[in-house]
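Residues 7 to 500 in this note's numbering are what the sequence shown spells out, letter by letter.
We treat Cβ as the ideally placed atom computed from N, Cα and C, and that holds for glycine.
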Amino acid sequence: MSDKRSFQQSAALSDVVTRRVTVRVGIFFDGTGNNRVNSQIGADCQALMEINEGQHIKACAGRHVQPGSSYSNDPSNIARLVDIYRLQPVAENDGEGLKVYYPIYVSGAGTTSGGRDSVWPGQSFGRGATGVVSKVEKAFKKLESVLKAFPRDNPDCMLEALELDVFGFSRGAASARHLVNEILKQRSGMLEPILESRKARLSDSFSWSNGSVRLKVIGLFDTVAAIGSFKDMGNTRDASNRRVNLYLPPGCAQQVLHLVARDESRRNFALNSVRPVWPREIVLPGAHSDIGGGYPPQMEESVLLTRPRSSVVSRGSPCEEAPSWKEAQAELNRMNRDHWIDPLDSQAWLRVQACESKCYPCRKSLNGMSTVVAAVGMGRQVFGHLSRVSLLVMHTLACDEGVPFNPVPLTPEFQLPPELENISTRLIDYARGGPYLLDSHEEALLRWRYIHQSAHWNAVVGRVGTLGDAVFVHAPQSGGRILHPNIGQPGYPQ
7 MSDKRSFQQS AALSDVVTRR VTVRVGIFFD GTGNNRVNSQ IGADCQALME
57 INEGQHIKAC AGRHVQPGSS YSNDPSNIAR LVDIYRLQPV AENDGEGLKV
107 YYPIYVSGAG TTSGGRDSVW PGQSFGRGAT GVVSKVEKAF KKLESVLKAF
157 PRDNPDCMLE ALELDVFGFS RGAASARHLV NEILKQRSGM LEPILESRKA
207 RLSDSFSWSN GSVRLKVIGL FDTVAAIGSF KDMGNTRDAS NRRVNLYLPP
257 GCAQQVLHLV ARDESRRNFA LNSVRPVWPR EIVLPGAHSD IGGGYPPQME
307 ESVLLTRPRS SVVSRGSPCE EAPSWKEAQA ELNRMNRDHW IDPLDSQAWL
357 RVQACESKCY PCRKSLNGMS TVVAAVGMGR QVFGHLSRVS LLVMHTLACD
407 EGVPFNPVPL TPEFQLPPEL ENISTRLIDY ARGGPYLLDS HEEALLRWRY
457 IHQSAHWNAV VGRVGTLGDA VFVHAPQSGG RILHPNIGQP GYPQ
């Protein structure tokens with residue numbers, strides 16, 4: 007906004023507006039495939055199905071039953087945190103001057119509230135009408151609505167300062183970082199037209215040069231931009247993110263907090279670090295959504311741990327005689343079963359999957375021969391409560407930095423199982439700068455019951471039994487997770 011325009015506007019209002027107010031807004035970007043509205047619709051539909059199946063079919067059209075859709079996901083940590091960010095639309099003095107507080111929620115990439123998920127290009131490439139940049143544009147529209155409501159709720163007030171807390175998970179964390187860069191552009195960014203529109207009454211001192219717009223805390227859960235396009239053959243693993251600006255320069259905010267998934271290793275989930283610029287990148291046990299949330303409280307996990315191999319044998323030969331089976335069996339023999347499976351869980355299994363598997367057909371007739379496809383599979387029950395620990399870590403660190411969160415409610419969706427309470431306390435202390443104190447028994451408990459096996463060889467497209475058309479979106483990255491450091495791209499800050 008121009009200083010001249012600010013002075014003219016405030017002069018015209020000086021005789022009627024007397025109170026100067028700081029507006030603090032928390033902007034929360036959900037993760038890819040996460041949408042709190044759709045999660046609630048899915049939960050309601052599930053409950054309706056248990057009451058009246060016919061009415062359920064008519065009202066819900068089976069939207070919630072598709073695994074991995076935004077209707078079947080549990081609310082993420084972003085969805086839960088936005089609900090406890092302070093909402094105070096009418097100015098009050100909380101000891102630091104007059105302030106109002108607003109939370110803003112933006113649904114995750116690839117989702118539309120009440121509508122169909124956009125698998126392509128929203129969820130697959132992070133682009134299009136439900137992509138990373140589009141979600142930032144939506145956030146600014148919501149921020150404009152907040153600033154428009156400010157004078158209506160506070161008719162005798164003018165805007166002295168605008169403070170922003172920005173949170174995000176997964177591609178939502180990428181959106182959060184892109185929004186920060188739009189703010190840093192000042193007069194050439196997306197906030198300036200909103201300020202110029204006179205939706206809010208600005209004080210005579212409100213200007214970019216006076217630092218009237220302040221980025222307070224940026225809180226991120228496992229940033230994965232993963233922007234792909236046809237130009238790079240859909241490569242979501244590299245550091246090229248097209249129009250998405252992830253760089254967080256020194257001094258861009260009061261504090262940057264980044265919780266990172268220690269046990270994430272998928273090749274399509276490269277981490278966009280905030281280091282070396284911002285040191286508070288805290289590695290916590292868990293896979294991607296064990297950090298950001300979205301897993302159901304309890305689920306049956308059935309995954310292939312090794313890459314499926316195929317070999318051709320005479321039709322009618324036992325699968326166990328196939329070279330592919332023998333290779334898979336050798337891999338199984340090298341595995342430490344107690345590393346993967348809780349010895350006390352009688353329902354869990356770790357075995358070679360091939361001919362006897364109902365999920366992965368392995369035979370295909372070809373001139374009197376058969377193809378045997380085999381891999382090591384694992385099945386177990388796993389729980390979604392570990393993400394609640396990450397929520398508590400972020401809530402604690404953010405409150406330490408002055409973010410206006412209300413206390414975490416003592417309601418079921420926030421509660422921890424007793425066996426995670428001590429682990430949570432230790433991880434919070436670790437995140438605050440203490441030593442990492444989880445012992446081998448606690449690590450085993452997390453691995454057996456709470457850390458999801460996100461990297462696996464299940465085919466998302468095609469069938470494992472016909473390897474030629476199988477697409478392994480969740481395959482692990484050889485050598486561990488790809489990491490991209492926090493550096494400015496060529497031409498930054500454009």
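Environment of residue i [buried if 16+ CB atoms lie within 10 Å]
| i | result |
| --- | --- |
| M164 | buried |
| I57 | exposed |
| P81 | buried |
| W3 | This structure cannot speak to residue 3, because the chain is shown only from 7 to 500. |
| F212 | buried |
| K364 | With a pLDDT of 34 at K364, under the threshold of 50, the modelled position of this residue cannot be trusted; read the value that follows with caution. Counting Cβ neighbours within 10 Å, K364 comes out exposed, since fewer than 16 surround it. |
| L489 | exposed |
| T417 | exposed |
| S430 | buried |
| C368 | Below a pLDDT of 50, predicted positions are generally treated as unreliable, and C368, at 49, falls in that range; no measurement from the model is reported. |
Nearest-angstrom Cα separation, counted from residue j out to residue i
| i | j | result |
| --- | --- | --- |
| C405 | V379 | 52 Å |
| G217 | P303 | 44 Å |
| L398 | N251 | 28 Å |
| A49 | T118 | 17 Å |
| Q353 | N339 | 20 Å |
| S371 | S320 | Caution applies to S371, whose pLDDT of 46 falls short of 50 and renders its modelled position unreliable; the value that the coordinates give is listed next. One C-alpha to the other measures close to 10 Å. |
| S151 | E102 | 25 Å |
| A245 | M375 | 45 Å |
| Q261 | G385 | 41 Å |
| L452 | E427 | 12 Å |
| R286 | S295 | 20 Å |
| S209 | T24 | 10 Å |
| A360 | M341 | 18 Å |
| G195 | E188 | 5 Å |
| S73 | F175 | It is Pro, not Ser, that sits at residue 73 in the sequence shown. Spanning the two alpha carbons is a distance of roughly 20 Å. |
| Y366 | V382 | Because Y366 sits at a pLDDT of 41, beneath the cut-off of 50, its placement in the model cannot be relied upon, and the point is left open. |
| H401 | G486 | 29 Å |
| C325 | K332 | 9 Å |
| V230 | G322 | 47 Å |
| S484 | G225 | 29 Å |
| G39 | N247 | 19 Å |
| Q46 | Y77 | 7 Å |
| N492 | V395 | 26 Å |
| P496 | R249 | 12 Å |
| A465 | A336 | 22 Å |
| I457 | A293 | 6 Å |
Assigned secondary structure, residue i (DSSP; H/G/I helix, E/B strand, else coil)
| i | result |
| --- | --- |
| N99 | strand |
| F35 | strand |
| F411 | strand |
| K10 | Because the pLDDT of K10 is 46, which lies under 50, any placement of that residue in the model is unreliable, and the question is left without a value. |
| E287 | strand |
| P482 | strand |
| M305 | strand |
| M384 | strand |
| L265 | strand |
| I297 | helix |
| G225 | strand |
| S209 | coil |
| T242 | coil |
| S352 | coil |
| L277 | strand |
| T312 | coil |
| T377 | strand |
| Y456 | coil |
| S323 | coil |
| T28 | strand |
| F420 | helix |
| H391 | coil |
Whether residue i touches residue j by CB criterion (8 Å)
| i | j | result |
| --- | --- | --- |
| R130 | G234 | Just to set this straight, residue 130 is Ser in the shown sequence, not Arg. A contact, by the Cβ cut-off of 8 Å. |
| R207 | P157 | yes |
| Y107 | R86 | no |
| K105 | V27 | yes |
| R183 | L254 | yes |
| F35 | I84 | yes |
| N160 | V96 | yes |
| F389 | I297 | no |
| V172 | L185 | yes |
| V318 | L290 | no |
| L422 | R432 | no |
| A481 | W454 | no |
| L168 | I110 | no |
| N41 | G114 | yes |
| V477 | N274 | no |
In chain order, which continuous runs of the beta strand (DSSP E) of length 3 or greater are located wholly inside the stretch 95-181? Runs of the beta strand (DSSP E) lying entirely within the stretch 95-181 and spanning at least 3 residues, in chain order: 104-112 and 163-175.
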